[in-house]
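Notes to accompany the following structure.
In this note's numbering, the protein residues as written are 2 to 171.
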């Protein structure tokens, strides 16, 4: 019995060490870096333009005026093609009848012309564990797509794609 307990204890310790050492490949925000300052400035401009648009009456859309970006906690990473991506957490300032998301953020990438292209992402469940529903909104707050986000593979599967892959979808 002691041998089993000992082996389970060792396995538990190894598991804790292994999972605590796994990290995302995020770049630490460095405002001293001119490129980080440029992408942050473009993100702020994108947000000002987006939040100044009139809110939609559609209950499926998001009103960006109900959120405040947390500019102090932005993250910069690289996407699959190596372009810099900036994500800025959004904090909800007032409650509505809509289901409150677990986590919301703005995600922006600069295209080759230096224009900020972005989406508003609303995770309905925990985006750091397993699969969760993800709503994507355009710059003006209109619902763009819905689907599942898998945190282990860091992939998004559109609900439209899932429906089109089912046998009876014709």
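C-beta atoms are modelled at their ideal positions from N, C-alpha and C, and glycine is treated no differently.
Note that the structure is predicted; figures quoted are calculated from it, not measured.
To the nearest angstrom, report how far apart residue i and residue j are at their CA atoms.
| i | j | result |
| --- | --- | --- |
| residue 109 | residue 142 | 15 Å |
| residue 69 | residue 53 | 13 Å |
| residue 135 | residue 4 | 45 Å |
| residue 58 | residue 65 | 13 Å |
| residue 146 | residue 38 | 30 Å |
| residue 160 | residue 8 | 44 Å |
| residue 144 | residue 116 | 22 Å |
| residue 113 | residue 119 | 14 Å |
| residue 82 | residue 156 | 15 Å |
| residue 132 | residue 124 | 10 Å |
| residue 152 | residue 56 | 31 Å |
| residue 67 | residue 79 | 28 Å |
For a test of the three-state rule: what should DSSP assign to residue i, helix, strand or coil?
| i | result |
| --- | --- |
| residue 42 | helix |
| residue 117 | strand |
| residue 93 | strand |
| residue 136 | strand |
| residue 82 | coil |
| residue 51 | helix |
| residue 125 | coil |
| residue 141 | coil |
| residue 155 | coil |
| residue 37 | helix |
| residue 146 | strand |
| residue 77 | strand |
| residue 5 | helix |
Classify residue i: buried if its beta carbon has 16 or more other beta carbons within 10 angstroms, exposed otherwise.
| i | result |
| --- | --- |
| residue 105 | buried |
| residue 50 | exposed |
| residue 60 | exposed |
| residue 129 | exposed |
| residue 47 | buried |
| residue 84 | exposed |
| residue 93 | exposed |
Does the distance between the C-beta of residue i and the nearest non-hydrogen atom of the ligand NAP fall short of 7 Å?
| i | result |
| --- | --- |
| residue 131 | What this structure holds is no ligand at all, so the ligand NAP is not there to describe. |
Under 8 Å between the Cβ atoms of residue i and residue j?
| i | j | result |
| --- | --- | --- |
| residue 89 | residue 107 | yes |
| residue 87 | residue 41 | yes |
| residue 103 | residue 74 | no |
| residue 111 | residue 45 | no |
Does any CB atom of chain C fall closer than 8 Å to the CB of residue i?
| i | result |
| --- | --- |
| residue 126 | No chain C appears in the structure shown, which is made up of a single protein chain. |
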